[in-house]
Amino acid sequence: MSDLRTAICPGAFDPITRGHLDVIERAAGLFDRVIVAAAADSGKQTLFSLEERRELARAAVAHLENVEVDSFEGLLVEYARRAGAVAIVKGLRSVDDFQREQQMAMMNRQMLPDTDTVLFVTSPHVQYISSTLVREIWALGGDVSRFVPQPVAEALQEKRQSSQQA
Ligand code: PNS
Numbered sequence: 015m016s017d018l019r020t021a022i023c024p025g026a027f028d029p030i031t032r033g034h035l036d037v038i039e040r041a042a043g044l045f046d047r048v049i050v051a052a053a054a055d056s057g058k059q060t061l062f063s064l065e066e067r068r069e070l071a072r073a074a075v076a077h078l079e080n081v082e083v084d085s086f087e088g089l090l091v092e093y094a095r096r097a098g099a100v101a102i103v104k105g106l107r108s109v110d111d112f113q114r115e116q117q118m119a120m121m122n123r124q125m126l127p128d129t130d131t132v133l134f135v136t137s138p139h140v141q142y143i144s145s146t147l148v149r150e151i152w153a154l155g156g157d158v159s160r161f162v163p164q165p166v167a168e169a170l171q172e173k174r175q176s177s178q179q180a
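Pasting the structure below:
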């Protein structure tokens, strides 16, 4: 294994938001290498395909030198093991997040004891942002550009135009 301390930021990223970016930027300051990993299996139906989610994440983190973007199928712990990650990094916005994240962290720790989950308390200015609400506001015709990175806002705009033409 290399000496580089690698962290994985996993998620559905449907789509990646400014809240995700806050966590990724802070992880990039703490770890040598960060892999943003879009999950094929997040238990949810997605608006964007796996490839679109990965490419939008790639565009959103292009300014971060030590951050890579990938996607994975199957278990997160298997992906983390293959990547040699020392940590799985997620964001915490609320008590609801805490309950879900704590449960996943404990499950993952049972399966992969050497990889810790690190939970960042989300910065207050993005604490209220969620991909689910971004999709809902977008679907109802609202402007979501303040909640998402610019490439995502453009992709949502394009999606709206192509669905109107269909
Ligand atoms: O964006 P989310 O919903 O917070 O991400 C959840 C995600 C993708 C991290 C979680 O669903 C996941 O790890 N999926 C991969 C499949 C897996 O390992 N499931 C068991 C989790 S204990």
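If you want the working numbering, it's the 1-based position in the sequence shown plus 14. Backbone N, C-alpha and C define an ideal beta-carbon position, used for all residues, glycine too. Source: prediction; values computed, not measured.
Considering only DSSP beta bridges, list what residue i is partnered with.
{"i": "Glu82", "result": "Ile49"}
{"i": "Val135", "result": "Leu106"}
{"i": "Asp130", "result": "Ala101"}
{"i": "Ala21", "result": "Val48, Ala101"}
How many angstroms separate the CA atom of residue i from the CA atom of residue j?
{"i": "Ser108", "j": "Ser145", "result": "15 Å"}
{"i": "Val140", "j": "Val162", "result": "10 Å"}
{"i": "Ala167", "j": "Glu69", "result": "13 Å"}
{"i": "Tyr93", "j": "Leu170", "result": "29 Å"}
{"i": "His137", "j": "Asp36", "result": "At residue 137 the sequence reads Ser, which differs from the His that was named. The alpha-carbon atoms of Ser137 and Asp36 are separated by roughly 7 Å."}
{"i": "Ile102", "j": "Phe45", "result": "11 Å"}
{"i": "Ser176", "j": "Ala26", "result": "23 Å"}
Apart from the five residues on each side of it in sequence, which residues of its chain come closer than 6 Å, Cβ to Cβ, to residue i?
{"i": "Ala54", "result": "Leu64, Glu87"}
{"i": "Arg40", "result": "Phe134"}
{"i": "Arg72", "result": "Val83"}
Any heavy atom of the ligand PNS closer than 6 Å to the Cβ of residue i?
{"i": "Asp128", "result": "no"}
{"i": "Ala26", "result": "yes"}
{"i": "Ser56", "result": "yes"}
{"i": "Ala53", "result": "yes"}
{"i": "Met118", "result": "yes"}
{"i": "Leu133", "result": "no"}
{"i": "Leu90", "result": "yes"}
{"i": "Asn80", "result": "no"}
By the 10 Å Cβ neighbour count, where 16 or more other Cβ atoms means buried, how is residue i classified, buried or exposed?
{"i": "Arg47", "result": "buried"}
{"i": "Asp28", "result": "buried"}
{"i": "Lys104", "result": "buried"}
{"i": "Leu90", "result": "buried"}
{"i": "Ala153", "result": "exposed"}
{"i": "Phe112", "result": "exposed"}
{"i": "His34", "result": "buried"}
{"i": "Arg174", "result": "exposed"}
Ordered along the chain, which non-local residues of its own chain (more than five positions away) have a Cβ less than 8 Å from that of residue i?
{"i": "Glu115", "result": "Lys104, Leu106, Thr131, Leu133"}
Taking 7 Å as the limit between beta carbons, can you name the residues of its chain near residue i, skipping five residues before and five after?
{"i": "Val81", "result": "Ile38, Ala42, Val48, Val50, Val75"}
{"i": "Arg32", "result": "Val140, Ile143, Phe161, Val162, Pro163"}
{"i": "Gln126", "result": "The question names Gln, but residue 126 is Leu in the sequence shown. Hits under 7 Å: Val91, Ala94, Arg95."}
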